[in-house]
Amino acid sequence: MKILKYTTLLWAISLLVSCTKYLEINPDNRVRLTTVEDYQAVITGAYPQAYHHFTELYTDNVRYYDYPSYNNANITSWLFPIYLWSDNYITNNAITPEAAWRKYYNDIYEANVVLEGIDQATGDDALRQSVKGEAYMIRAYCHFMLVNIFAKHYNPQTAATDLGIPYMLESEKEPGQHYSRDAIQYVYDRIEEDAFKALGLIREEFMAVPKYHWSRASIHAFLSRFYLFKEDWERSLYHSEEVFKLNNNIRNLFADFDAYFATGDYNGFANRYFETHQSNVLLVNYTLTWNTFERGSLYANEYRATFHANDVRGRIFTLWSAQTPNYMARKFRRNLPADGQSYADVGLFVVEEVMYNAAEASVRKDNPDFQYAIDKMNAILQQRWRPYVALNLADYPTQELLLEKIIDEKNRELCYEGYRWFDVKRHNIHIRHWDGTQYRELPPDDLRRAVQIPFAELEANPEMQPNPR
Amino acid sequence: MHFKLDVGKFCLPLINRKVLLLMKLTICLLLMSFTQVSATLFSQTITFSGKRVSIEKVLREVEKQSGFNLFYKYDESLMSKSVDVDFKNVQLHTVLDEILVKNGLVYKIDRKTITINRKPVSNPSSSVRTIQEQSDDIKGVIVDRHTGEPLVGATVRVKGTSIGVAADENGAFQLRNVKNGSTLEIIYTGYQSREFVVGNDRDVRIALTGESDSLDEVVITGYQTIDKRTFTGSVGKVNPDDLATAGFSDVGKALQGMVAGVAVENTSGTFGTKSKIRIRGNSSISGNQEPLWVIDGVVLDDPVNINPNQLYSGDAATMLSSAISGINPDDIEDIQILKDASATAMYGTQAVNGVIVVTTKKGRVGKTAISYKNNFSLAMKPTIRDFNVMNSKQRMEFSEELYEKNLVDFTNMNSTYGAFGKLQYQLSRKELTWDQYYDEIQRAKTYNTDWFDVLFRNSVNHEHSASISTGTEKAQFYMSASYFRDNGQTHNQHTDRYSGNFRGNFNISDNFSITGTLYGSARNQRLFGAFDETESGGLPQRDFDINPYTYARTTSRAMRPYDDDGNLEYYRANFAPFNIIHEMNNNFVDVALKEIRFQVDGLWKITNNLNLATILSARTTSAQSEHISTELSNVAQSYRAMENTAIRSANGRLYNDPNDDSQFPISVLPRGGIIILDNNQGEFYTFRNTLNYKPVFHNHSFDLMGGSEIRQRKYDRHGFTGYGLEYYRGLTSSPDYRAIQRDQFASNGSPYYGMGLNVHREASFFANLAYTFKNRYNLTLSSRADGSNRLGASERFRFLPIWVVGASWNVDDEAFLQGVEWLDFLKVRGSYGTRGNISGLGSPEILAYYGTTTRFNPDNVEEIISISAPDNPHLQWEKEKMANAALEFGLFKRASVTLEWYHRQNYDLIGNVQVSRVSGFSTKTMNWADMKNEGFEITLNTKNIDNTNFKWSTLFTFGYNYNEVTRLQTNAAVVRQTVDRGAPLEGRPVTGLYSFRFATLNADGLPMFYTSSGGLSNSFSRYSTNLDMLQYEGSREPLGSGGLTNQFQYKGFQASFLFTYAYGNKIRLNPFFERYYSDVMALDGELANRWTTPGDERYTNIPRIVEAETRTQLISANAEPFMAYNRSDIRVASGSYVRFKNVMLAYDIPTRLIQRTNINNLKVTAQAQNIVLWADPKLRGQDPEAIVSGISIPMTTNYTLGLTMNF
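Each protein sequence line maps, in turn, to chains A and B.
In terms of the numbering used here, the first sequence opens at residue 1 and continues consecutively.
In terms of the numbering used here, the second sequence opens at residue 470 and continues consecutively.
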């Protein structure tokens, strides 16, 4: 019995001592972030997808036809309110302003987690700096997309007071905080800071698959767009030129056309449009496409009809289907995995966009260079028109006409990729949409050009100011 | 064979040895003894003669011949006394009179037991008077605690001396020269002996507890066994004999109406699903609300780790959610439900929802008792006549109207069609001529299929259970085995459950004993296939739902199961042929659950009042669920439905191979079916040491208990989705690589295979101090601190101490109540304390998990870590403060009443709260709400008639609970606030039901609703946060609930009737107004009264059919009259009901009829369950309790016939 007594005592003591250890075991397969490599894995997962794609619905590239299903309201009818620039759309859907708002901020959160924790992590210091660079750049890009979707376009006169979006410089420490909107100027300043920090830190040799990560070229491409939107033409032009020094490859569409269209392998073209080996692609990410939206064919026949017969893009970018009332787009992989969504690798930055940025900046800068713009466009059109007829400066005598041509050409090149809406906003282009019985208008300076802050955000965050309506 | 003797200290050594010998034999020849019991005749008359035989021998012979058990205290001088007897068919009592009464003994026959005592020595009444003045003298009365009857002849002895006396015919006794602090020892056959400390009080009333009803008088908390008189907490007891287990075989489902304040909703009749048990209301909003089940002191964890929100979803995993369903109900000795903080204090942070403590049977000292029990029950099928749906004619005419108004959408005929659509389809393919077409339409109007009749059957369940109990003073054993078979209410559905239990108690020495338990059970169950529920647009959805109950209720009666030739008639669903009978045979879930539990309880009595108890319990479970859709199933065929280009482009189950250019969508399942395997291994350990010290100083007695416990729960889960299973070709597999590829590219879809490991560890320290003064004033202090590994690295929140204080006062022991004859007992008690709840949600630290990027080119795949939840260093456990007050009393030996009041304040409730998405997340798990529960409970137990031959007793329980959310840190949009299961709102119950306010139909036949400003509209956003437009209907959960049991006994007949009831809640009617009316749906009969022409709005509330143009207009106007109408105030009914739940008739076959067998007693029972339901007529057949979805189907009427035999 003595033995039992002591054994029990020992049990009790060992229990007390080992209690802390006993409770330290991981309850499941979670990771506790400790090394620089851990943080690198976090930032690899934090790359934003093309959440801005839904904005294509707002533009003149699409036309909605009711394409009902018998038993269920299908996703096409879910998209209908967005098409009508309504703030009342069905959430729970990956193709909405709400999803963009939520997902961009989620990526920002992960970038902030990296920036806050990586200095305490163990590992190679050079890698640490490069990962930090990626995090800064993700933070800058996400905020830039948010401010351009959910706020008015940057206006140098009023930017200091115009409502932007909250700029998150750190992750939330106490749950359930409320955030108010920072001014557009403040947001732009922070973006600029973060992007230049990134430019100084990025080391491409650490990236296993560089086209899925920020590179010097894609950061310059971002800055080219950033300054263009900020109407700082000289800087925009400078960064465009920096991109061309690193990469000035224009996609050879004739090669695609001959390779795939001669054989009728149309999907082969779509599947490879944004592959990593395409030299014109600067940054790409696996992205939810427009789901049945793409299948349900919202791409307007009317827009398709404006392509000249000699412009191969009209034929190569779209596909006629007898099953649907509109053309379907052929820029994206039509992949339908088990979750019922459709995915594609989608380009976030391509050389062609930078070309048009440079063209626009050279036309709008203080001492404009029209010929430079014409040359940039011709460089692309050379591989788009068969037979090729070069643009002539004489046909575009005024800045207004030339700008219109640049914006139109940009859309023909980059249609359905989510660039159009921002140009519609910047250039105040009038849009009209057929609702089934009549045309609805989106006139210039309409308040709906600043997409409403999602209801769910307004519901949970009383300090968030809605956009005026 | 048949001795059951008192083997206390005074027992006959000879018999003791014999029992031991017999024990050994029993163990060795357990089964043999079953069949070899000697064929002795039993009789009420005795034939025996002999000269100079001992009384004992005579008694033994009497016992043998009569089959009665004898209880007597051994008294050598008496028992060895020789008598001459000559009995020939002499009545039993004559024999006893002859040999006992004549020798100074008295006896009492109660059922099968004869108790023998010495004839009381009558004290001359004068002597009482003469000695009562002396201060050292003590007098008193010995009574039965339960009945209050005096115990004639009980022995009272001063402990440690030879001074003793027997109580007289009034139960009175007196003793001289008894000093303060002396201990009296009171012994009486058939009762637990008791010690009584003498204090200043010199006129005492000492109550003894009968051995047979000892469980009534103790509270088993799982940590301690406490005398109910000194207990300060609130506990409800269920007598397992009263449990209406027959036909359920799941204890959880049978608790309904048995205990006040315990609301049981049987949301599903499917075996193995959890019944919704709420003890004193809701404690949590998003967290765990289930009470804790404790078996023999150890917490019984569920075999699968299931999210609280998923519990009533009807997903296949919920079939495994009820751990208690693995327990054989016949092994249960006692169930006690601990309700307040004082009672549950020892469970600390797990106990916020109350604790259900189940004690299983153990072997008893004495003769080998064998019992066998069986049940056959018949479950009746429902009928469509209970529901208000359109008949064939109405349904076909509805379709014709749609067609005439050009509302039939032909583009989707590929996907789904029913009776009308099939004819249209055949017509369009020229398989029918126009004449045949019109002919067939007229014929379809006459089918009037009752799908309940087609799919359901009157099924027979049977259950068998046998047990053996035996033992000596050194060791006792209990063994049982059971088999339960449910043939299933529908085709291709059944359940088998096997269980075995072996338990041994070993008294190794005078102060050391060990109990070992080995329990095993296995369950095999087959059910129709159900895929997991998903949510879309705020509404739950389920692919390929073939719940036969839902199907039978919602499928058009113009469709038929068989065609004219008797072959199955196929319609179309999911682009493929569909027939429900065929589908149920080809799409099913097989569940296999195995469980082994081993437990060792050690008890070491270190000194007389100090002991150390150890529990080591290990349990392992294996739960496998195999969902098979065979190659012939509609599921598999829909995966390869691509017969034309239209279907190819519309069928979302087809796949585009990104590496295969220029391809139409193709099937990933060119051959075979699909198997979804889900395997859960659970391992559970509990190790607990407690030290118990019970000193007594004069009037002060203490019970100090303290100890520590560690627990581990480990869930190891793995599963996969396999494509290409060839079920009918020897279960071979022929997978296609594209199936795996397709899963691989889904960023959030089901991976091809998955594994998961969850380890939950807790370490706890606890202490309980009970103090009793003069056996009347009781005080309890309890505290417990729990630590859990789920609360992350932060030490701060790891140990949450809870504390409870309780007090009670046994008023009836006070001198001023001693003379009050009509008062049997009176007790006042109260408690106050805290409890906690590990909600199972959230974590204070970042939750990050490994993953890979999804990329088309496998060379480009990179490793990622995704953060699924942010850190919340401020996250606290859910907590509760609970106050409880109660009054218990008994009157006229006829009625016992318990009245309780409680107040629960639940705070720091954890929920997934909508937060600003700027934080990076749309919801965060945080402490976001507080609420309170207040209620009272009445338990009324009466013996209305108590004659020897006729007895009538009543048990009435009533519990009232009012719940209110006092803080809520978020606002909800109208779509979330109006869900059918209820939603929380500050100042309202946690499951409040909210409705849109229906105003009228407009001139266009569409419903209009009142807006917050009082205007009429049907276009408002479902995401509007303006809740003013809603009307609060009431709580979704009943305010009051309970049961009424009446038991009658006339000689061998017993009858009992159980009514359960609930009231005060509101429920939503099934929705019927739709955006589209599918050809397959059985439409609500009310639609026959729909609006058809302008002006109808004056006579009807039923909206019109909506055609395509209106549909588009409504969408562009953000109008959702469909959702709002189905969730409007006119679609609400009262949830109050009274259910005639159970009637049971039992008959004890008279002994004389079974004399010739070895059976000691034989009982036949007949029961009926769910007999009548009285509820709001608006419900039209909808069960107010049931939540029908997925695998769950409501309870149905069933009849049971049972047999119980004891050997």
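Note that beta-carbon positions come from the ideal geometry of N, C-alpha and C, so glycine has one too.
Please classify residue i as buried or exposed, where buried requires at least 16 neighbouring CB atoms within 10 angstroms.
{"i": "M145 of chain A", "result": "buried"}
{"i": "P156 of chain A", "result": "exposed"}
{"i": "N1413 of chain B", "result": "exposed"}
{"i": "P1453 of chain B", "result": "buried"}
{"i": "K557 of chain B", "result": "exposed"}
{"i": "H213 of chain A", "result": "buried"}
{"i": "D408 of chain A", "result": "exposed"}
{"i": "P462 of chain A", "result": "exposed"}
{"i": "A1239 of chain B", "result": "buried"}
{"i": "F1234 of chain B", "result": "buried"}
Report the neighbours of residue i on chain A: residues whose CB is nearer than 9 Å to its CB, in chain order.
{"i": "A1442 of chain B", "result": "F455, A456, E459"}
{"i": "P1339 of chain B", "result": "Y109, V113, S171, E172, P175"}
By the DSSP assignment, the beta strand (DSSP E) with residue i in it spans what residues?
{"i": "M1592 of chain B", "result": "M1592 of chain B -> not in any beta strand (DSSP E); alpha helix (DSSP H) instead, spanning 1590-1595."}
{"i": "P619 of chain B", "result": "Here P619 of chain B belongs to no beta strand (DSSP E), and DSSP marks it neither H nor E."}
{"i": "Y1668 of chain B", "result": "1667-1675"}
{"i": "N970 of chain B", "result": "963-978"}
Could you pull the DSSP bridge partners for residue i from this structure?
{"i": "H433 of chain A", "result": "A:R440"}
{"i": "S1202 of chain B", "result": "B:L1194"}
{"i": "E932 of chain B", "result": "B:N844, B:F953"}
{"i": "H1169 of chain B", "result": "B:F1166, B:F1242"}
{"i": "W1370 of chain B", "result": "B:A1354, B:F1405"}
{"i": "Q1213 of chain B", "result": "Its beta-bridge partners do not exist; DSSP assigns none."}
{"i": "H1096 of chain B", "result": "B:V1058, B:I1145"}
{"i": "E1455 of chain B", "result": "B:V1434"}
Using a C-beta to C-beta distance shorter than 8 Å, which residues of chain B count as neighbours of residue i?
{"i": "W101 of chain A", "result": "R1386"}
{"i": "T276 of chain A", "result": "N1326, N1329"}
Against chain E, does residue i count as a neighbour if the rule is that its beta carbon must be under 9 Å from one of theirs?
{"i": "P48 of chain A", "result": "Although the question refers to chain E, the structure presented lacks it and instead comprises the protein chains A and B."}
State the CB to CB distance for the pair residue i and residue j, rounded to an integer number of angstroms; the pair is presumed to be in contact (CB under 8 Å).
{"i": "Q465 of chain B", "j": "N1396 of chain B", "result": "As shown, chain B starts at 470 and ends at 1676. That puts residue 465 of chain B outside it, with no answer to give."}
{"i": "R181 of chain A", "j": "I165 of chain A", "result": "6 Å"}
{"i": "G668 of chain B", "j": "N1168 of chain B", "result": "5 Å"}
{"i": "S415 of chain B", "j": "G1191 of chain B", "result": "Examination of residue 415 of chain B is not possible in this model, given that chain B is present from 470 through 1676 alone."}
{"i": "G823 of chain B", "j": "P760 of chain B", "result": "4 Å"}
{"i": "V1060 of chain B", "j": "Q994 of chain B", "result": "4 Å"}
What residues of chain A sit near residue i, judged by a beta carbon separation below 7 Å?
{"i": "R1324 of chain B", "result": "Y286"}
Check the Cβ of residue i against every Cβ in chain A and list those closer than 8 Å, keeping chain order.
{"i": "P1476 of chain B", "result": "Those do not exist, as P1476 of chain B stays about 18 Å from chain A at its closest Cβ, beyond 8 Å."}
{"i": "H1343 of chain B", "result": "E174, P175"}
What are the boundary residues of the alpha helix (DSSP H) that residue i is part of?
{"i": "I118 of chain A", "result": "No alpha helix (DSSP H) holds I118 of chain A; DSSP gives it neither H nor E."}
{"i": "H1343 of chain B", "result": "Note, H1343 of chain B: premise wrong, no alpha helix (DSSP H); not H, not E."}
Could you list which residues in chain B have their beta carbon closer than 9 Å to that of residue i, in chain order?
{"i": "A361 of chain A", "result": "Within chain B, no residue comes near A361 of chain A; the closest Cβ sits about 32 Å away, beyond 9 Å."}
Can you pull the chain B residues whose beta carbon is under 7 Å from the beta carbon of residue i, in chain order?
{"i": "V209 of chain A", "result": "N1329, E1331"}
{"i": "R30 of chain A", "result": "L1316, A1317, Y1318"}
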